[in-house]
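What follows is a single structure, written as structure tokens, with notes after it.
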Amino acid sequence: MAIKYTEEQLNTVDKSLIIQMFLNQQEELSKAVNQIEQLTKEVQSGNDKLQRMMEQIILSNKGHSYRASCRCICQQEV
Numbered sequence: 003m004a005i006k007y008t009e010e011q012l013n014t015v016d017k018s019l020i021i022q023m024f025l026n027q028q029e030e031l032s033k034a035v036n037q038i039e040q041l042t043k044e045v046q047s048g049n050d051k052l053q054r055m056m057e058q059i060i061l062s063n064k065g066h067s068y069r070a071s072c073r074c075i076c077q078q079e080v
């Protein structure tokens, strides 16, 4: 768990320690941003796959309905 410093505590801390803490925070933020970007790409990829699957299901259902209606018409003609 991260340590929370008060302004008073930070005023008494050595400047080099504050700089190191800031640089560490910068690095952690950079890692978090990279993770978010990667997860965003994965979600977008999943969304694209899901969209293609939904389109295939719709096309499949349309084809099925067309064949079923053709069978009904053909059976009525016989």
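Per our numbering, the sequence shown starts with residue 3, numbered consecutively.
Quick reminder that beta carbons are idealized off the backbone N, C-alpha and C, glycines included.
Quantities reported herein were computed from a predicted structural model and do not represent experimental measurements.
- Look at Ala-4 here: in three-state DSSP terms it is coil, with no helix or strand label.
- Only residues of its own chain outside the window of five on either side were considered, and among them Leu-12 have a CB closer than 8 Å to the CB of Ile-20, listed in chain order.
- CA-CA distance, Gln-58 to Gly-65, rounds to 10 Å.
- Listed in chain order, the alpha helix (DSSP H) runs fully inside the segment 6–54 are 9–14, counting runs of at least 4 residues.
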